[in-house]
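Student: Here it is, the structure in full.
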Amino acid sequence: MVLLHGLLGSSRNWGGVAQALAGRWRVIAPDLPNHGASPWSETMDYPVMAREVARLIAERAGGRAAVIGHSMGGKVAMLLALTRPELVERLMVVDIAPVAYGHTFAPYIRAMRAAPVATARRRADVECAMHGIVDNPRVRAFLMQNLDGRPGFYRWRSNLAVLGAAMDDILAFPRLDPDAHYDGPALFLHGEESDYVLPAHEDLIAALFPAARIDSIAGAGHWLHADRPAEFQAALQAFLAG
């Protein structure tokens, strides 16, 4: 099984999920390019990320895997399933649709770049510096997972300059061949308090993923695996067992 994180995330975001699955599945949770411990690159788009995941499945998963992706990682997972369906045993897409979005993480990236990471004496100083732009404490806590280092030598693990420059590509969804589709089992799971997956997206999802089921988790927002971990785990386990 391959778990793909979202924008400004890392494999760390899947810690609890990976631990719960490890007894029955071989879990691979990579850091996508320009995130976490992965190398930095000047190129940041979905075809590049999908090719990297395809290589990973070929080399480490025996050529076929269940693929679960959240947000940006969900778009990577969808593109992989649509272009290399033979690699994807089943697909779970978490709080994202195959569409372009007006949502943007650009203010978060600006806040992170403006924070005094190189001189801060405490992690709390970095978080405090972002407070004026990122007022949601849960979002700040998520962004702070990117911070590495020690007092006076902190650094962001994500390549913020490249991610900011590539924001239009990240918000978009790649152009597809007219006959692109994935016929395997698919679940689109979203948070009821999130506006990333809407009724207006359902026809496109059905056209590209004819076997897809769309479901939601009450009381969850965009980061539903963090907001409602027990409910998310139950939905994931049921899908994998189906």
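Heads up: the sequence shown runs through residues 14 to 255, numbered per the numbering used here.
A virtual CB, placed ideally from N, CA and C, is assigned to each residue, including glycine.
Treat the numbers as computed from the prediction; the structure is a model and nothing was measured.
What residues in its chain sit with their C-beta under 7 angstroms from that of methionine 105, if we drop five residues either side in the sequence?
Tutor: Here residue 105 refers to the residue found at position 92 when the sequence shown is read from its first residue. Only Ile81, Leu200, Leu202, Leu249 and Phe252 meet the Cβ criterion.
Student: Considering glycine 82, what are the terminal residues of the beta strand (DSSP E) in which it resides?
Tutor: What you label residue 82 is simply residue 69 of the sequence shown in a count that begins at 1. Unbroken beta strand (DSSP E) run through glycine 82: 78 to 83.
Student: Do you know offhand how far alanine 178's Cα is from arginine 241's?
Tutor: Reading the sequence shown from its first residue, position 165 is the one you call residue 178. Reading the sequence shown from its first residue, position 228 is the one you call residue 241. Rounded to the nearest angstrom, the gap between the Cα atoms of alanine 178 and arginine 241 is 32 angstroms.
Student: Alpha carbon to alpha carbon, how far is leucine 100 from threonine 218? Give it in angstroms, no decimals.
Tutor: The count along the sequence shown starts at 1 and reaches residue 218 at position 205. The count along the sequence shown starts at 1 and reaches residue 100 at position 87. Per the sequence presented here, residue 218 reads as isoleucine, with threonine not at that position. Using only the alpha carbons, I get a separation of about 20 angstroms.
Student: Just mark tryptophan 169 as buried or exposed, buried being the case when its beta carbon has 16 or more other beta carbons within 10 Å.
Tutor: Position 156 of the sequence shown, counted from the first residue, corresponds to residue 169. Buried, since its Cβ has 16 or more Cβ neighbours within 10 Å.
Student: Is the segment 182 to 196 close to the segment 107 to 124, with three or more CB pairs under 8 angstroms?
Tutor: yes
Student: Which residue's Cα is closest to the Cα of aspartate 216: Pro46, Asn26 and Val112?
Tutor: In the sequence shown, counting from the first residue as 1, residue 216 sits at position 203. That would be Val112, whose Cα lies nearest to the Cα of aspartate 216.
Student: What are the start and end residues of each continuous alpha helix (DSSP H) run of 4 or more residues lying completely inside the segment 180 to 218, in chain order?
Tutor: The qualifying runs are 180 to 184.
Student: Is it a yes or a no for the segment 67 to 81 touching the segment 34 to 45, going by three-plus beta-carbon pairs under 8 angstroms?
Tutor: yes
Student: Taking 8 angstroms as the threshold (C-beta atoms), are leucine 21 and asparagine 149 in contact?
Tutor: Indexing the sequence shown from 1 puts residue 149 at position 136. Indexing the sequence shown from 1 puts residue 21 at position 8. No; because the gap between Cβ atoms is not below 8 angstroms, this pair is not in contact.
Student: Rounded to whole angstroms, what's the CA-CA distance from alanine 131 to phenylalanine 166? Just pull it up for me.
Tutor: Stepping through the sequence shown from its first residue, residue 131 is reached at position 118. Stepping through the sequence shown from its first residue, residue 166 is reached at position 153. Cα to Cα, the separation comes out at about 5 angstroms.
Student: How long is the line joining the alpha carbons of histidine 194 and alanine 90, rounded to whole angstroms?
Tutor: Looking up residue 194 in the sequence shown gives position 181. Looking up residue 90 in the sequence shown gives position 77. In this model, histidine 194 and alanine 90 are separated by some 13 angstroms (Cα to Cα).
Student: Compare the Cα-Cα distances from serine 84 to each of Ala220, Ala254, Asp190 and Gly234 and report the closest residue.
Tutor: Residue 84 sits at position 71 when you count from the first residue of the sequence shown. Minimum Cα distance to serine 84 is reached at Gly234.
Student: On a CA-only basis, which of Ala33, His48 and Arg37 is nearest leucine 17? Give me that one, please.
Tutor: Position 4 of the sequence shown, counting from 1, holds the residue named residue 17. Closest option to leucine 17, Cα to Cα, is His48.
Student: Taking the alpha carbon of methionine 14 as the point to measure from, which residue in Ala78, Ala231 and Gly87 has its own alpha carbon closest?
Tutor: Against the sequence shown, residue 14 aligns to sequence position 1. Looking at the Cα atoms, Ala78 is the closest of the given residues.
Student: Whole angstroms is fine: what's the gap from glutamate 102's alpha carbon to alanine 128's?
Tutor: In the sequence shown, counting from the first residue as 1, residue 102 sits at position 89. In the sequence shown, counting from the first residue as 1, residue 128 sits at position 115. Cα to Cα, glutamate 102 sits roughly 42 angstroms from alanine 128.
Student: Taking Cβ positions, are alanine 110 and histidine 214 nearer each other than 8 angstroms?
Tutor: Your numbering for residue 110 matches position 97 in the sequence shown. Your numbering for residue 214 matches position 201 in the sequence shown. Result yes, Cβ atoms of alanine 110 and histidine 214 sit closer than 8 angstroms.
Student: Ignore the nearest five residues each way along the sequence and tell me which others in serine 171's own chain have a CB closer than 7 angstroms to its CB.
Tutor: Taking the first residue of the sequence shown as 1, we reach residue 171 at position 158. Cβ within range, chain order: Leu21, Asn47, His48 and Asn159.
Student: Would alanine 31 pass as a contact of glutamine 246 if the rule is Cβ separation under 8 angstroms?
Tutor: For the purposes of this step, residue 31 is identified with residue 18 of the sequence shown, where counting begins at 1. For the purposes of this step, residue 246 is identified with residue 233 of the sequence shown, where counting begins at 1. In this structure, glutamine 246 does not lie closer than 8 angstroms to alanine 31 by Cβ.
Student: Among Thr56, Glu205, Gly19 and Glu65, which has the Cα closest to the Cα of glycine 232?
Tutor: Residue 232 sits at position 219 when you count from the first residue of the sequence shown. Selected option, being the one with the closest Cα: Glu205.
Student: Answer yes or no: do leucine 92 and alanine 63 have a C-beta to C-beta separation smaller than 8 angstroms?
Tutor: Counting from one through the sequence shown, the residue named residue 92 turns up at place 79. Counting from one through the sequence shown, the residue named residue 63 turns up at place 50. Cβ distance < 8 angstroms, so leucine 92 and alanine 63 count as in contact.
Student: Going straight from the alpha carbon of glutamate 134 to that of proline 164, what length do you get?
Tutor: Along the sequence shown, read from residue 1 onward, the residue named residue 134 stands at position 121. Along the sequence shown, read from residue 1 onward, the residue named residue 164 stands at position 151. Just to set this straight, residue 134 is arginine in the shown sequence, not glutamate. So the alpha carbons of these two residues sit roughly 4 angstroms apart.
Student: If you draw a straight line from the alpha carbon of aspartate 196 to that of alanine 225, how long is it in whole angstroms?
Tutor: Within the sequence shown, residue 196 is the residue found at index 183, counting from 1. Within the sequence shown, residue 225 is the residue found at index 212, counting from 1. Looking at the two C-alpha atoms, the distance is approximately 8 angstroms.
Student: Is isoleucine 146 near alanine 174, with beta carbons less than 8 angstroms apart?
Tutor: Within the sequence shown, numbered from 1, the residue matching residue 146 stands at position 133. Within the sequence shown, numbered from 1, the residue matching residue 174 stands at position 161. Between isoleucine 146 and alanine 174, the CB-CB gap reaches or exceeds 8 angstroms.
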